[in-house]
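See structure below.
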Amino acid sequence: MPAPETTVAPMISLRNVQKRFGDHFALHDISLDIGAGEFFSLLGPSGCGKTTLLRILAGIEQPTSGSLSIGGDAMAGVPANRRPTNMVFQSYAIFPHLNVEENIGYGLRNMSIPRTEAAARVAEALALVKLDGLGRRNADQLSGGQRQRVALARALVCRPKVLLLDEPLSALDKNLRQDMQSELRALQRAVGITFVFVTHDQEEALAMSDRIAVMNGGRIEQVGQPAEIYDQPATAFVASFVGTLNRLTARVTERGAGHLTVAGVPLHLPAAASGPGAEVTLAVRPETLRLGRDPECDLVLPARVVEVQFLGSIVRTRVDVGGDVISLDSFNRPGSPVPAIGSSAEVSLRSKDVIVTQAP
Amino acid sequence: MAGYGLLSPALLIMVAMLALPIAALVLLSFWRQSGYTLDTTLTGANYARIFGLSDSPTVWMGIPFYLAYPVPVILLIKSLMMSLTATVTVIPLAYPMAYFIAFRVRSGKSIWILLLTIPFWTSYLLRVFAWKIMLGYTGAINSGLMALGIIHHPLDALLYNSGAVTVVLAHSWVSFAVLPIYVSLEKIDRSLLEAASDLGDTRWQRFRRITLPLSMPGVIAAALMVFIPTVGDYVTPTLIGGSGGSMVGNLIQDLFMKRNNAPMGAAVAIVMMAVIALIALLFVWLTGYHKMRARRR
Ligand SMILES: Nc1ncnc2c1ncn2[C@@H]1O[C@H](COP(=O)(O)OP(=O)(O)O)[C@@H](O)[C@H]1O
Ligand SMILES: [Mg+2]
Numbered sequence: 000m001p002a003p004e005t006t007v008a009p010m011i012s013l014r015n016v017q018k019r020f021g022d023h024f025a026l027h028d029i030s031l032d033i034g035a036g037e038f039f040s041l042l043g044p045s046g047c048g049k050t051t052l053l054r055i056l057a058g059i060e061q062p063t064s065g066s067l068s069i070g071g072d073a074m075a076g077v078p079a080n081r082r083p084t085n086m087v088f089q090s091y092a093i094f095p096h097l098n099v100e101e102n103i104g105y106g107l108r109n110m111s112i113p114r115t116e117a118a119a120r121v122a123e124a125l126a127l128v129k130l131d132g133l134g135r136r137n138a139d140q141l142s143g144g145q146r147q148r149v150a151l152a153r154a155l156v157c158r159p160k161v162l163l164l165d166e167p168l169s170a171l172d173k174n175l176r177q178d179m180q181s182e183l184r185a186l187q188r189a190v191g192i193t194f195v196f197v198t199h200d201q202e203e204a205l206a207m208s209d210r211i212a213v214m215n216g217g218r219i220e221q222v223g224q225p226a227e228i229y230d231q232p233a234t235a236f237v238a239s240f241v242g243t244l245n246r247l248t249a250r251v252t253e254r255g256a257g258h259l260t261v262a263g264v265p266l267h268l269p270a271a272a273s274g275p276g277a278e279v280t281l282a283v284r285p286e287t288l289r290l291g292r293d294p295e296c297d298l299v300l301p302a303r304v305v306e307v308q309f310l311g312s313i314v315r316t317r318v319d320v321g322g323d324v325i326s327l328d329s330f331n332r333p334g335s336p337v338p339a340i341g342s343s344a345e346v347s348l349r350s351k352d353v354i355v356t357q358a359p
Numbered sequence: 000m001a002g003y004g005l006l007s008p009a010l011l012i013m014v015a016m017l018a019l020p021i022a023a024l025v026l027l028s029f030w031r032q033s034g035y036t037l038d039t040t041l042t043g044a045n046y047a048r049i050f051g052l053s054d055s056p057t058v059w060m061g062i063p064f065y066l067a068y069p070v071p072v073i074l075l076i077k078s079l080m081m082s083l084t085a086t087v088t089v090i091p092l093a094y095p096m097a098y099f100i101a102f103r104v105r106s107g108k109s110i111w112i113l114l115l116t117i118p119f120w121t122s123y124l125l126r127v128f129a130w131k132i133m134l135g136y137t138g139a140i141n142s143g144l145m146a147l148g149i150i151h152h153p154l155d156a157l158l159y160n161s162g163a164v165t166v167v168l169a170h171s172w173v174s175f176a177v178l179p180i181y182v183s184l185e186k187i188d189r190s191l192l193e194a195a196s197d198l199g200d201t202r203w204q205r206f207r208r209i210t211l212p213l214s215m216p217g218v219i220a221a222a223l224m225v226f227i228p229t230v231g232d233y234v235t236p237t238l239i240g241g242s243g244g245s246m247v248g249n250l251i252q253d254l255f256m257k258r259n260n261a262p263m264g265a266a267v268a269i270v271m272m273a274v275i276a277l278i279a280l281l282f283v284w285l286t287g288y289h290k291m292r293a294r295r296r
């Protein structure tokens, strides 16, 4: 799948941005374009530099080197208070001495907006985040979900070109988080503002984003649409960080031609080109594997059932294939038998679903 | 409210240590001195004398006082004004110091706090004496100005007036006032300040709208810490104030020691304490009231 071409000038453009704290590089050479109106996610493990990148966009932190422009304007020397961005902080940063209305209207006081219009915009923002009637509530009388909504409304009411969100859902419990995911996505479509959304949760990023940048150790490993990231991970890190991944050890039988054997079964993968006798690691997603012999699949591997997990609508079976334990998911259909632990089975897959990574 | 919480252990100890002496003082104020002996029949005569009216007013600072014995009331009002001036001087001096340590010092904050306590390594008396040497007729300031040829005769307005007392009181208490303000500034979540900037505040707007309101509990605590003990101070007015700068503490000391009228001294002391307590409560109520109203709205 080709990367989407941004035909118009990008909303955010980062060029060779580096950030150093002492002698520790939090960001190495980040170059990135984010289009207007995109829901763009920065995905990566804790400490990979997501927050630092967001703070550089907001102007709270200055890059050590490199340049950045937002909406076509260079941001060098532009302080946070004059940038066309607003941020939803990870801690929400709700002002404790102000009530909900005063919190939401905080930024409007700095624009030359008539009092009545400002009040109308605050009311509109309250309705947008479904907090109608709570305007007079004090900040310390709010639940976590409500605080998150206040933070969101406070940023959106300023109508920024770019909304920056630092793990806004990570403090919420699971059900609320899932509701907020779709709500936030719908909100972004409604307001049409560019969202830069930071998360360490790959499911969240896949579910919500137009495009994702996967980060690791201060670098961007891959940028792409969710399906691209998931189906064609560019690096071993992306492959393992996004989604569940099974690893299979294969042995190369013919040098340069991509002929391999897995658990004694031959297969042809042109992407794997190493010397004969060498071992390569193949990666397969749980959902591309079928238990039993499937006529649509060109590869059938012998396996032994090790563990069966019943997950409700899905049954996750763990099987041993030539010494590697892998997981595969199947729908729980009434009538289909649950495999017995210790029984031998067959696993089918299509060789085009195998991901060859240059992993060690 | 958390700011007052910081004071409560100190408050508890003070109540325990002062309750008995104060009870004794209250009792004493209802007795009378007759010659060299104490008349222990309970009477309100001392209070009646302090507040006793008269037809011919005593005018002080242009205000007529229709009191038969106006000295305690006038001195008390004068002391309150001087303490208030000292407090109002101390807070804007202490606030920048506290702000600097809380927000500008990156490492070694405890060293800066330690530096603040250096004045307390010598006694209060010595520090006040040092001021006397500076402000005196042949003191450092006068001889310095004369050596520079700016003045030809020593200025005698530097010492022995209420202005000098106020300056010395402010200097003595400014380091104390830094600490509660520092604590309240240190507690402010830095992401609140970042959020304020993100929402378009300049540094000054951010200070006015976020930092200052959130540090108010510390400012209130600091103001009380300076105001309450300075009203009754008598060391500084004795050494620096002379006759022009004497305060109510001097009168109390005078009544106890020189004039041999301990019950009257006790009554003046009790009136002073009651007035300070009232003002402090009013102050806390006024400043706290604002916050309460914001919460209830
Ligand atoms: N102000 C700072 N001083 C020193 N190191 C920092 C600072 N902020 C972040 N870092 C370091 O930079 C790296 C990236 O941090 P961060 O951007 O917060 O990661 P993430 O948000 O992805 O978890 C981490 O190793 C962190 O310790
Ligand atoms: Mg972070």
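These protein sequence lines map, in sequence, to chains Z and X. Note that numbering that gives the first Met the number 0 gives residue 80 to position 81 of the first sequence, counting from 1, and the numbers run on in steps of one. Note that numbering that gives the first Met the number 0 gives residue 250 to position 251 of the second sequence, counting from 1, and the numbers run on in steps of one. By construction, the Cβ of each residue, glycine as well, lies at the ideal position given by its N, Cα and C atoms. All of these numbers come straight from a predicted model, not from anything done at the bench.
Check your understanding: Hey, which residues come within less than 5 Å of ligand 3, measuring from Cβ to any heavy atom, in chain order?
Key -> Inclusion of ligand 3 in the displayed structure is not the case, the ligand content consisting of ligand 1 and ligand 2 alone.
Practice item. Classify T116(X) as buried or exposed, calling it buried when 16 or more other Cβ atoms lie within 10 Å of its own Cβ. Key: exposed
Check your understanding: What is the DSSP secondary structure of S30(Z), counted as helix, strand or coil?
Key -> strand
Exercise for review: Kindly indicate which three-state DSSP category W130(X) falls into: helix, strand or coil?
Suggested key: helix
**Study point:** Euclidean distance between Cα positions of I90(X) and A176(X)
**Key:** 7 Å
Practice item. Check whether the Cβ of M86(Z) lies closer than 7 Å to any Cβ atom in chain X. Key: yes
Practice item. Measure the alpha-carbon distance for H27(Z) versus G223(Z) and round it to whole angstroms. Key: 19 Å
**Study point:** Where T165(X) sits in the DSSP three-state scheme
**Key:** helix
Practice item. Can you pull the chain X residues whose beta carbon is under 8 Å from the beta carbon of S90(Z), in chain order? Key: D188, S190
Point to revise | Close-in-space but distant-in-sequence residues of the same chain around Y98(X) (CB under 7 Å, 5 per side omitted) | key: L184
Review point. From which residue to which residue does the alpha helix (DSSP H) around S111(Z) run?
Key: No alpha helix (DSSP H) holds S111(Z); DSSP gives it neither H nor E.
Practice item. At 8 Å on the CB atoms, spell out the chain X contacts of M110(Z), in chain order. Key: G199
Point to revise | Anticipated Cβ contact below 8 Å, I29(Z) with M10(Z), distance rounded | key: About 16 Å separates the two Cβ atoms, so there is no contact after all.
Practice item. Would you please verify whether the beta carbon of H96(Z) is less than 7 Å from any beta carbon of chain X? Key: yes
Review point. When the cut-off is 7 Å and only beta carbons count, does G341(Z) lie next to chain X?
Key: no
Exercise for review: Please say whether V304(Z) and S342(Z) have beta carbons closer to each other than 7 Å?
Suggested key: yes
Point to revise | Residues, ordered as in the chain, of the region 274–287 of chain X that lie near chain Z by beta-carbon distance below 7 Å | key: none
Check your understanding: Leaving out the 5 sequence neighbours to the left and right, which residues in its chain are closer than 7 Å to P95(Z) when beta-carbon positions are compared?
Key -> A138, D139
Check your understanding: Do three or more CB pairs link the region 52–64 of chain Z to the region 14–27 of chain Z at distances below 8 Å?
Key -> yes
Point to revise | G106(Z): contacting residues in chain X (beta-carbon distance under 7 Å) | key: L198, G199
Point to revise | Residue nearest to R176(Z) in terms of C-alpha spacing, selected from A150(Z), A152(Z), L41(Z), G143(Z) | key: G143(Z)
Review point. Residue ranges of each alpha helix (DSSP H) run of no fewer than 4 residues wholly in the region 58–105 of chain Z, ordered along the chain?
Key: 99–103
Check your understanding: Using the C-alpha atoms, what's the distance from S142(X) back to H151(X)?
Key -> 10 Å
Review point. How many whole angstroms separate the CB atoms of N102(Z) and I112(Z), which I take to be in contact at a CB cut-off of 8 Å?
Key: The pair is not a contact, with the Cβ atoms about 16 Å apart (cut-off 8 Å).
Exercise for review: Please list the segments of the beta strand (DSSP E) lying wholly inside the region 18–76 of chain X, counting only runs of 3 or more residues, in order along the chain.
Suggested key: 31–33, 36–38, 52–59, 62–66
Exercise for review: Helix, strand or coil for G287(X), going by three-state DSSP, please let me know.
Suggested key: helix
Point to revise | Opening and closing residue of the beta strand (DSSP E) in which F39(Z) lies | key: 38–42
Exercise for review: Could you round the C-beta distance between R120(Z) and V156(Z) to whole angstroms and report it? I think they count as a contact, below 8 Å.
Suggested key: 6 Å
Review point. Using the C-alpha atoms, what's the distance from T248(Z) back to D165(Z)?
Key: 38 Å
Check your understanding: Is the beta carbon of T57(X) less than 7 Å from the beta carbon of P71(X)?
Key -> no
Review point. Which residue or residues does DSSP assign as beta-bridge partners of L259(Z)?
Key: V251(Z), L266(Z)
Practice item. May I ask you to list, following chain order, the residues of the region 50–75 of chain Z that have a beta carbon less than 9 Å from some beta carbon of chain X? Key: R54, A57, G58, I59
**Study point:** DSSP state of E306(Z) mapped onto helix, strand, coil
**Key:** strand
Review point. Beta-carbon separation of V127(X) and V234(X) under 7 Å?
Key: yes
Practice item. Going by DSSP, name the residue or residues bridged to E202(Z). Key: In DSSP, E202(Z) forms no bridge with anything.
Review point. Hey, does N80(Z) have any beta-carbon neighbour from chain X nearer than 7 Å?
Key: yes
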